[in-house]
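Take 8 as the starting number for the sequence shown in this note's numbering and just add one per residue.
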Amino acid sequence: MKKLLFIIMAIFFAGCKTNINYYQGFIYDMNNKPVKNLKVYEKSDKNNYSITNEKGYFKIPAKNNNINRFLYVEQNDLTIIDSIQVFGSQGGEKIKYNFVEGQKDTLYIKFHSQVDNGESHP
Numbered sequence: 008m009k010k011l012l013f014i015i016m017a018i019f020f021a022g023c024k025t026n027i028n029y030y031q032g033f034i035y036d037m038n039n040k041p042v043k044n045l046k047v048y049e050k051s052d053k054n055n056y057s058i059t060n061e062k063g064y065f066k067i068p069a070k071n072n073n074i075n076r077f078l079y080v081e082q083n084d085l086t087i088i089d090s091i092q093v094f095g096s097q098g099g100e101k102i103k104y105n106f107v108e109g110q111k112d113t114l115y116i117k118f119h120s121q122v123d124n125g126e127s128h129p
């Protein structure tokens, strides 16, 4: 039984190794405007990060071809304001990847100080 459990765990962890070279995507507010100057980083390595540009775009290299399950989004270098689930599956379905190379995924964030009159105040 222990051997079977070990084999299943080994297969699972081997499956976490990917050929993904980077994470990328856009971050917009709820008024569909890009948000710049947000820090996006891997859960496992806060030093591997990108700052969103004027288009809300970020791009982070994936270290050692290992993919993190989550990216964190930080504002003002202090507060984690959101997270991005990079991969997941439901009910044994095929694993779905988000915010990885070649995909143009977008995260929409509602800021607590944001108003709904067409202006955003991150």
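Don't be surprised by glycine CBs; every beta carbon is placed ideally from N, CA and C.
Spatial neighbours of SER96 in its chain, beta-carbon cut-off 7 Å, leaving aside the 5 residues before and after: The residue labelled residue 96 in the question sits at position 89 within the sequence shown. For SER96, where only same-chain residues beyond five positions count, the Cβ hits under 7 Å are ILE102 and LYS103.
Whole runs of the beta strand (DSSP E) within the stretch 16-68, excluding any shorter than 3 residues: 29-36, 46-49, 52-58 and 64-68
Residue from ASN39, PRO41, ASN38 and VAL47 whose Cα sits closest to the Cα of TYR29: Here the question's residue 29 lines up with position 22 in the sequence shown. The residue with the shortest Cα to Cα distance from TYR29 is VAL47.
Any chain D beta carbon closer than 8 Å to LYS117: Judged by its chain identifiers, the structure shown contains no chain D, having just a single protein chain.
Pick from SER51, LYS50, GLU61 and TYR56 that is closest to TYR35, judged by C-alpha positions: Translated into the one-based positions of the sequence shown, residue 35 becomes position 28. Checked all of SER51, LYS50, GLU61 and TYR56; the closest Cα to TYR35 is GLU61.
Close-in-space but distant-in-sequence residues of the same chain around PHE33 (CB under 6 Å, 5 per side omitted): Working through the sequence shown from its first residue, we reach residue 33 at position 26. So the list reads GLY63, TYR64 and THR113, once near-sequence residues are dropped.
Start-to-end residues for the beta strand (DSSP E) that takes in GLU81: The residue you call residue 81 lines up with position 74 of the sequence shown. 77-82 is the extent of the beta strand (DSSP E) around GLU81.
ILE58 vs LEU45 beta-carbon contact at 8 Å: Translated into positions along the sequence shown, residue 58 becomes position 51. Translated into positions along the sequence shown, residue 45 becomes position 38. Yes. Within cutoff.
Beta-carbon contacts of ASN75 that lie in its chain and below 7 Å, excluding the five residues immediately before and after: Stepping through the sequence shown from its first residue, residue 75 is reached at position 68. Cβ contact annotation for ASN75 (same chain, cutoff 7 Å, sequence separation greater than five): GLU49, LYS50, SER51 and VAL93, in chain order.
Delimiting residues of the beta strand (DSSP E) encompassing LEU85: By one-based count along the sequence shown, residue 85 stands at place 78. Looking at the DSSP string, LEU85 is not in any beta strand (DSSP E), and its letter there is neither H nor E.
Per DSSP, cross-strand counterpart(s) of ASN105: Mapped onto the sequence shown, residue 105 falls at position 98. Paired residue(s): none; ASN105 is not in a bridge.
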